[in-house]
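Asker: My questions will all concern the structure given below.
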Amino acid sequence: MRLLFSIGAVLVAGVLAGGDVASVAAPGSKYQPQRQAAADKDAQSVDVELILAVDVSYSMDMDELAIQREGYAQAIESKEFLQALKLGPNGRISVTYFEWAASNDQKIIIPWRLIDGPETADAVAAEIMKTPIRRASRTSISGAIGFAVPLFEEDPYRGLRRVIDISGDGPNNNGGPVTVARDAALEKGIVINGLPIMVKEPSYSTMDIDNLDYYYEDCVVGGPGSFVIAIKDREKFKEAIRTKLLMEVAGKTPERPVTRVADKEPRVNCLIGEKIWQDRWGR
């Protein structure tokens, strides 16, 4: 079931169950090769393979893009994030970060990286911040999902969960239908979470829509425990990103959800972005 949470109402509680530690074979033991293979496998195990897919379309202003970058970097360095990381069964995650706009415009900012403590977290945060901010045309959430799915096969680590984290400030208006891309990802056991950015009044000129959070709930996210955290206050931007990452690392949802997403017909037309583009440009 998919869940929607408001900022300030989310509490990440509990920890994931830990795994057993394999004993070390004595020298010369006939089981040593098998145990070494198991140890090597364990060394590649992570709690979650997390893809951060970040919108850089022109509807995002430069201030929003800067806050977004800082929000991810600061969240990864935060003591809350590191505590959640430490409490997982493996105590580490793998993460990659890419920016997206049109269906053929995705740029990997951070290739797959292991985060297993403060040093690796700081290194990933610094890598995020050093890349120049860019903007690009169109908004293709379907393209971002389609780009993200094969990235899991390139990850040298294997996670207990595979999660795509989509943040953006508008509906899909380019590429294939977002629901088709979403469903293809869900069939592979991938979870998609959403961070709809709603800090500005919807504007026809920037192809915004009302109730972007409903659109993300009904058309974008999916998978066991998937959730949406809507940002409706610029001052809550970084807090929302940190909350989202904590939940994804811990693999938890709050004990008391604020709103349950209806598993019914979408409340917002999942092709609304394409319709707005067609109405405006005639193509």
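Using mature numbering (1 follows the signal peptide of the UniProt record, and there is no 0), the letters of the sequence shown map in sequence onto residues -17 to -1, 1 to 266.
Think of the CB as a built atom: it goes at the ideal place given N, C-alpha and C, for glycine as much as any other residue.
Quick caveat: nothing in here was measured; it's all calculated off a predicted structure.
1) With respect to the beta strand (DSSP E) encompassing Lys90, which residues constitute its N-terminal and C-terminal limits?
2) Closest to Gly100 by C-alpha separation, out of Glu60, Met45, Lys221 and Glu47, would be which residue?
3) Quick one: what's Tyr80 bridged to in DSSP?
4) Just the Cα atoms here: how many angstroms apart are Ile212 and Ile128?
5) Could you give the DSSP three-state label for residue 312: helix, strand or coil?
6) With a CB to CB cut of under 7 Å and the five nearest residues on each side skipped, what residues in its chain are close to Met31?
7) Is the beta carbon of Ile175 closer than 8 Å to that of Gly205?
8) Between Tyr199, Ile124, Asp196 and Asp166, which has its C-alpha nearest Ala85's C-alpha?
9) Who are the near neighbours of Asp105 in its chain, counting only those whose CB is closer than 7 Å to its CB and skipping five residues on each side?
10) Once the 5 residues before and after Leu229 are set aside, which same chain residues still bring their CB inside 7 Å of it?
11) Suppose the cutoff is 7 Å on Cβ atoms and the five residues either side in sequence are ignored; what does the same chain contact list for Thr162 look like?
12) Which residue wins for smallest C-alpha separation from Lys219, given the options Ile180, Ser209 and Ile255?
13) Run through DSSP, which three-state label would Ser125 get?
14) Give me whichever residues DSSP pairs with Ile175 in a beta bridge.
15) So what does Gly142 bridge to, in DSSP terms?
16) Alpha carbon to alpha carbon, what distance is there between Pro139 and Lys69?
17) If residue 268 and Tyr55 are in contact, beta carbons under 8 Å, what's the gap, nearest whole angstrom?
18) For Leu169, which residues from the same chain have a beta carbon less than 8 Å from its beta carbon, with the 5 sequence-adjacent residues on both sides left out?
19) Are the beta-carbon atoms belonging to Lys221 and Gln57 less than 8 Å from one another?
20) Could you pull the start and end residues of the beta strand (DSSP E) that Ile212 belongs to?
21) Would you list the one or two residues that DSSP bridges to Ile180?
22) Report buried or exposed for Thr114, applying the criterion of at least 16 other Cβ atoms within 10 angstroms of its Cβ.
Answerer: On the basis of the data shown:
1) Residue mapping note: residue 90 aligns to position 107 of the sequence shown, counting from 1. Note, Lys90: beta strand (DSSP E), Gln89 to Ile98.
2) Here residue 100 corresponds to residue number 117 of the sequence shown, with the count starting at 1. When only C-alpha atoms are compared, the closest one is Glu60.
3) Residue mapping note: residue 80 aligns to position 97 of the sequence shown, counting from 1. Paired residue(s): Leu35 and Ile93.
4) Mapped onto the sequence shown, residue 212 falls at position 229. Mapped onto the sequence shown, residue 128 falls at position 145. One C-alpha to the other measures close to 18 Å.
5) Because residue 312 is not part of the residues shown, which for the chain are -17 to 266, the question remains open.
6) Numbered from its first residue, the sequence shown carries residue 31 at position 48. Sequence check: residue 31 is Val here, not Met. Around Val31: Ile76, Gly142, Leu143, Arg144, Val146, Glu231, Val232 and Gly234.
7) Position 222 of the sequence shown holds residue 205. Position 192 of the sequence shown holds residue 175. Yes, the Cβ-Cβ distance between Gly205 and Ile175 is below 8 Å.
8) Taking the sequence shown and counting its residues from 1, the one referred to as residue 85 is at position 102. Residue Ile124 is the option with its Cα nearest to Ala85.
9) Position 122 of the sequence shown, counting from 1, holds the residue named residue 105. Same-chain partners within the cutoff: Glu60.
10) Stepping through the sequence shown from its first residue, residue 229 is reached at position 246. The answer, listed in chain order, is Val(-6), Glu63, Phe64 and Ala67.
11) For the purposes of this step, residue 162 is identified with residue 179 of the sequence shown, where counting begins at 1. Cβ neighbours of Thr162 beyond the five flanking positions: Cys202 and Cys253.
12) To locate residue 219, count along the sequence shown from 1; it is residue 236. With distances taken between Cα atoms, Lys219 lies closest to Ile180.
13) Counting from one through the sequence shown, the residue named residue 125 turns up at place 142. Helix.
14) Sequence index remark: in the sequence shown, residue 175 carries index 192 (1-based). Ile175 pairs with Ile147 and Gly205.
15) Taking the sequence shown and counting its residues from 1, one reaches residue 142 at position 159. Answer by DSSP bridge pairing, in chain order: Val29.
16) The sequence position of residue 69 within the sequence shown is 86, counting from 1. The sequence position of residue 139 within the sequence shown is 156, counting from 1. Approximately 21 Å between the Cα atoms of the pair.
17) Since the first residue of the chain shown is -17 and the last is 266, residue 268 is not available in this structure.
18) As a first step, residue 169 must be located in the sequence shown, where it is residue number 186. Only Ile175, Gly205 and Gly206 meet the Cβ criterion.
19) The residue given as residue 221 occupies position 238 in the sequence shown. The residue given as residue 57 occupies position 74 in the sequence shown. The answer is yes: Cβ separation under 8 Å.
20) Here residue 212 corresponds to residue number 229 of the sequence shown, with the count starting at 1. Unbroken beta strand (DSSP E) run through Ile212: Phe210 to Ile212.
21) The residue given as residue 180 occupies position 197 in the sequence shown. Paired residues: Ile214.
22) Numbered from its first residue, the sequence shown carries residue 114 at position 131. Per the 10 Å Cβ criterion, exposed.
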